[in-house]
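In what follows, a single structure is set out as structure tokens and then discussed.
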Amino acid sequence: MKFKDELFSPYIFLIGFIIFCIIGLTGKNYFGEYYKSGISFYTVSYIFLIISAFIVGSKINLNIKENYLAGIILFLVVFFTFKRFGYYSIILSLLALMIIIMVKKNYFSIYYKEMYIIGLLLCFLNILILGKLPLLNPEIRELSLTPLFVLGYTFVLVSNNFGILKSKYPYYLIFPIVSLLLFILYGFRTYVILLIISTMITFYQVGNKQKTFYFGLVGSIITIVLGYITVLLLPQNWKLNPFELLWYRFTFTF
Numbered sequence: 159m160k161f162k163d164e165l166f167s168p169y170i171f172l173i174g175f176i177i178f179c180i181i182g183l184t185g186k187n188y189f190g191e192y193y194k195s196g197i198s199f200y201t202v203s204y205i206f207l208i209i210s211a212f213i214v215g216s217k218i219n220l221n222i223k224e225n226y227l228a229g230i231i232l233f234l235v236v237f238f239t240f241k242r243f244g245y246y247s248i249i250l251s252l253l254a255l256m257i258i259i260m261v262k263k264n265y266f267s268i269y270y271k272e273m274y275i276i277g278l279l280l281c282f283l284n285i286l287i288l289g290k291l292p293l294l295n296p297e298i299r300e301l302s303l304t305p306l307f308v309l310g311y312t313f314v315l316v317s318n319n320f321g322i323l324k325s326k327y328p329y330y331l332i333f334p335i336v337s338l339l340l341f342i343l344y345g346f347r348t349y350v351i352l353l354i355i356s357t358m359i360t361f362y363q364v365g366n367k368q369k370t371f372y373f374g375l376v377g378s379i380i381t382i383v384l385g386y387i388t389v390l391l392l393p394q395n396w397k398l399n400p401f402e403l404l405w406y407r408f409t410f411t412f
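Sequential numbering from 159 applies to the sequence shown in the working numbering.
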């Protein structure tokens with residue numbers, strides 16, 4: 159399928175990544191009070207490596223066997239989570255393997271309602287164990303990123319999309335709305351943004367372009383407001399408005 163005929167073509171990732179880099183790097187000059195101007199060699203190398211890897215990967219079909227691919231995924235899960243979760247990262251890798259098997263056997267497609275409820279319960283149980291809302295308590299926000307939350311979030315995210323695909327209007331709206339409200343309680347914009355993008359793609363794939371636009375618009379507003387609220391609850395005093403705070407977070411990556 160040609161790029162011009164598909165809004166969510168894989169090349170959208172490349173374009174989005176380039177736009178993200180431009181916004182972030184220009185912010186280094188705008189936020190001169192917080193960042194040093196200029197671009198380091200490592201930053202340029204990082205951007206070049208990501209773009210090159212994507213272009214090469216989109217042109218070459220490696221034909222990796224499923225067993226090898228599962229092994230690579232498990233290795234990456236342990237590699238990127240070991241620093242944060244320690245030996246719990248091994249548990250996360252086993253959970254990742256379980257989710258891969260469940261997706262392969264179409265469990266999420268068949269039992270999407272049950273999986274969704276389980277995911278919600280796990281995320282709420284995580285909050286109950288913490289004893290406080292991460293949104294209102296910045297000091298425990300990082301502590302809320304437990305294996306329990308990771309499993310619950312994955313269940314909710316995947317089954318949310320199947321709920322939209324397999325349920326009828328207006329019942330399928332329950333899935334993204336409840337999911338959005340749940341993840342707002344954790345105060346992390348990243349997880350909210352992932353849910354918004356995933357839901358937009360699903361709406362678009364089922365031919366509902368109007369809801370794709372409206373959900374994206376509402377999601378963008380919620381993301382900006384959420385970011386502003388979370389910053390207001392921090393002990394530091396910020397002089398930036400909501401849009402500048404969002405721009406600042408882009409720049410923080412570099």
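Ideal Cβ positions, reconstructed from N, Cα and C, are used throughout, including at glycine.
Inter-residue spacing [alpha-carbon to alpha-carbon] between residue i and residue j
i: I259; j: I177; result: 35 Å
i: P296; j: L390; result: 10 Å
i: T370; j: K290; result: 33 Å
i: E402; j: V383; result: 12 Å
i: Y344; j: G374; result: 20 Å
i: G174; j: I209; result: 11 Å
i: N187; j: L293; result: 31 Å
i: I248; j: L255; result: 11 Å
i: N284; j: S216; result: 39 Å
i: Y386; j: Y406; result: 12 Å
i: T312; j: G277; result: 7 Å
i: K263; j: L252; result: 17 Å
i: P305; j: I230; result: 20 Å
i: F330; j: F320; result: Correcting the residue identity first, residue 330 is Tyr in this sequence and not Phe. Cα to Cα, the separation comes out at about 9 Å.
i: K397; j: G185; result: 15 Å
For residue i, the three-state DSSP class (helix, strand or coil)
i: G418; result: Summary: the structure shown does not reach residue 418, with the chain confined to residues 159 through 412, and so no result is reported for it.
i: F320; result: helix
i: I197; result: coil
i: S420; result: Missing from the structure shown is residue 420; the chain here goes from 159 to 412 and no further.
i: R299; result: coil
i: T388; result: helix
i: L172; result: helix
i: V413; result: The shown model of the chain, from 159 to 412, leaves out residue 413, and the question about it has no answer.
i: P305; result: helix
Burial state of residue i, where buried means 16 or more other Cβ atoms lie within 10 Å
i: T357; result: buried
i: S203; result: exposed
i: S417; result: Within the shown structure, residues of the chain are numbered from 159 to 412, placing residue 417 beyond reach of any answer.
i: V261; result: exposed
i: G310; result: buried
i: M159; result: With a pLDDT of 46 at M159, under the threshold of 50, the modelled position of that residue is not reliable, and the figure given next carries that caveat. Exposed, by the Cβ-count rule.
| request: Decide if the region 357-366 is in contact with the region 266-277; the criterion is three or more beta carbon pairs, one per stretch, under 8 Å apart. | output: no
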